[in-house]
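Engineer:
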Amino acid sequence: MDRHLVEEARRVARMTGSRLRLRIPSILGTGELFSLRLSITGPDCLPDDNFPHALLFEGSVGVEGLPPRFCFEPGKSTAEIQGLRAVGPDVALIRCRVVGTGKIDGDPYVLSNPAWVFDSPACRLFWGDIHVHTRYSNCSAWRCLDPEWCYLYARDITLLDFAAAADHLRGIAAEPHRWPRLQRLARVFNEPGRFATFLAFESSHAHGYGGDNNVYFLDDDAPHFWLDREDMTAISPKIHLRELWRQLDASGTPYLTIPHHTGRSGKFRTWDDDCYEQEKEPLFEIYSSWGSSETRWSRIPISGGNNDAPSYFVDALKAGARFGAIASSDDHATLPGEVHQHRIAPFRLPSLVSAPHQGLAAIRAPELSRESLFAAMRRRQTYATTLAMSLVEMRIGDALMGEEIPLDEPLRRSREVRVRFTLHDAFSARVTLVRNGEEYATQTVAGRELSEGINEITFVDSEPFARIALKNARFHPEPFVVYYVRIEDNHGFHQWTSPIWIDGK
């Protein structure tokens, strides 16, 4: 085979398979000093410590102090540029050109995540992946890696703010040292202000018994759930979710549970069952590498097939459940926050299983600490994305997404839903308001402002509350109306806000 053709093909494969990350804090104060963190991975999703290209910073927005040119040190795949200043107004965004790639139509550009710049930020925004499987899951063990790698990869390579190894119970219980080591790793890697961890596990339950749920603890010395019965080692034990809650309650340790891939065929959870506890499960994993569980007819169907039962996020809302939205990877290659499709057997044709975009959780909180994030999760101060670190906010009056507000006379007549957003590297988007689990209105927007400014959209619902309110719902019989927003951009990235509920009497 012609050597020059092979070299050209290899160059293109390396360039298109590599990923350069530019990460800045998502919310900054005017004049605040901050750092730009960088990392580079190759086509194998592993650190590339031989990146030969220079970066030229050009066309950045709202930032001072960038050097004109930057190169990774030899043997290094990560770097940090300190002493940058956020000047806004509104948005900070870093843009660099990668020099010398040989790309036919010109050097490629890479953007950082956008940041909102406020005079006095009311909160901060943090990004993480809290559904990562490791070797301790005993599931796809040939591709899963050590739990320590989970935290190192999330913190140092994909530059996340928080993470959790959430292994299957059947794997954790296979060897007595596994849970103590997971406890220790959660403790060691938890560094307030730098990186937060959660001690966690996945508890699988058969259809009709609660489906698959993850458990997250506030403390890193909590016990895991286990019953001395044979089916606990199976994929779908016929043990009810309430039994899990009973044992966790008895331990006295603060926790929360999050259901996931509820729309999956074969093993799922339905919302016509009476199993729901608002205080125990404030969040719903609406997206992961399995696909979207938002609705039966999603543009991102569940891998392996969807079920036709009332199993989805919209069904839960119609039933009166009060879930905030969150996303994570459910990654079985221990590559949190990465884009990949490594759910394949060695040396064989890939199967049509999983989405390459793994999903991220966004949490609004005052500070980067486990305690602050855990409290925010309980308050549903979250939203979900398919991977992009886009900025989204939804309000009704002064109420933020995730909150409940009582009905007053103006809200009885009409409701104004305001959406603010800045998308990561997008030039068009569809913004859809979902009311009571049904699409109510959509607006389409386009232009550079999507990535470089704060975009504002308003939806007005003028139908009387009494006409549209859901009544006698299984989990909330009093009348209510619930809204959330979904944003889809030209790259196919999705963002889902947590809902806002308006409660009548």
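Quick note: the sequence shown uses the working numbering, first residue 199, plus one each step.
Don't be surprised by glycine CBs; every beta carbon is placed ideally from N, CA and C.
Less than 6 Å between C-beta atoms, sequence neighbours within five positions excluded: which residues of the same chain meet that for I655?
Structural biologist: Scanning its chain for C-beta atoms nearer than 6 Å, with the 5 sequence neighbours on each side dropped, one finds around I655 the residues V617, V629, Q641, in chain order.
Engineer: Span of the beta strand (DSSP E) holding W699?
Structural biologist: 698-701
Engineer: Taking the alpha helix (DSSP H) that R444 falls in, what are its first and last residues?
Structural biologist: It spans 439-449 - the alpha helix (DSSP H) in which R444 sits, taken as one unbroken run.
Engineer: Ends of the alpha helix (DSSP H) at M575?
Structural biologist: 568-576
Engineer: Should D472 be labelled buried (16 or more other beta-carbon atoms within 10 Å of its own) or exposed?
Structural biologist: Label assigned to D472: exposed.
Engineer: Less than 8 Å between the beta carbons of Q579 and I561, yes or no?
Structural biologist: yes
Engineer: Nearest CA to the CA of A394: which residue from R385, E400, S402?
Structural biologist: R385
Engineer: By a C-beta neighbour count over all protein chains shown, 10 Å radius and 16 as the cutoff for buried, is P508 buried or exposed?
Structural biologist: buried
Engineer: In the DSSP output, what is S486 paired with across the bridge?
Structural biologist: G489
Engineer: DSSP has N504 in a bridge; who is on the other side?
Structural biologist: Per DSSP, R462.
Engineer: Measure the Cβ-Cβ separation of K465 and D429 and say whether it is below 8 Å.
Structural biologist: no
Engineer: Report yes if the C-beta distance between S224 and A313 is below 8 Å; otherwise report no.
Structural biologist: Yes. Within cutoff.
Engineer: Does the segment 525-533 come within contact of the segment 324-335, defined as at least 3 CB pairs closer than 8 Å?
Structural biologist: Touching, per the Cβ criterion.
Engineer: Assuming the contact rule is C-beta atoms closer than 8 Å, G229 and R283 should be a hit. Round their C-beta distance to whole Å, please.
Structural biologist: 6 Å
Engineer: Note down the Cα distance separating H555 from S335, rounded to an integer number of angstroms.
Structural biologist: 21 Å
Engineer: So what does DSSP say about S233, is it helix, strand or coil?
Structural biologist: strand
Engineer: What's the gap between the Cα of V289 and the Cα of D659?
Structural biologist: Each residue's Cα considered, the two are about 29 Å apart.
Engineer: Is it true that the CB of Y453 sits closer than 8 Å to the CB of V413?
Structural biologist: For V413 and Y453, yes; Cβs fall inside 8 Å.
Engineer: To the nearest angstrom, how far is it from the Cα of I456 to the Cα of P480?
Structural biologist: Spanning the alpha carbons of I456 and P480 requires a straight line of approximately 7 Å.
Engineer: Less than 8 Å between the C-beta atoms of L218 and H622, yes or no?
Structural biologist: no
Engineer: Could you give the DSSP three-state label for G273: helix, strand or coil?
Structural biologist: Note: G273 maps to coil in three-state DSSP.
Engineer: By the three-class DSSP mapping on this structure, what secondary structure does I370 have?
Structural biologist: helix
Engineer: I'd like the list of long-range same chain contacts for L357, defined as Cβ closer than 8 Å, with 5 residues on each side in sequence excluded.
Structural biologist: R219, R221, R235, S237, G535
Engineer: Leaving out the 5 sequence neighbours to the left and right, which residues in its chain are closer than 8 Å to G227 when beta-carbon positions are compared?
Structural biologist: Taken in chain order, the residues that qualify are A284, V315, F316, D317, S318, P319.
Engineer: Along the chain, where does the beta strand (DSSP E) that runs through F678 open and close?
Structural biologist: 678-687
Engineer: Report the three-state DSSP secondary structure of A404 (helix, strand or coil).
Structural biologist: coil
Engineer: Here's the rule I'm using: 16 or more other beta-carbon atoms within 10 Å means buried, otherwise exposed. How should Q476 be labelled?
Structural biologist: exposed
Engineer: For L668, which of F619, I652, A523, A514 has the nearest alpha-carbon?
Structural biologist: A514
Engineer: Comparing C-alpha positions only, which one of L589, T583, S588, L598 sits nearest to A574?
Structural biologist: Comparing Cα-Cα distances from A574 to each of L589, T583, S588, L598, the minimum goes to L598.
Engineer: Find out if the Cβ-Cβ distance for the pair A211, P245 is shorter than 8 Å.
Structural biologist: no
Engineer: Does L231 pass the burial test, meaning 16 or more other C-beta atoms within 10 Å, or should it be called exposed?
Structural biologist: Counting Cβ neighbours within 10 Å, L231 comes out exposed, since fewer than 16 surround it.
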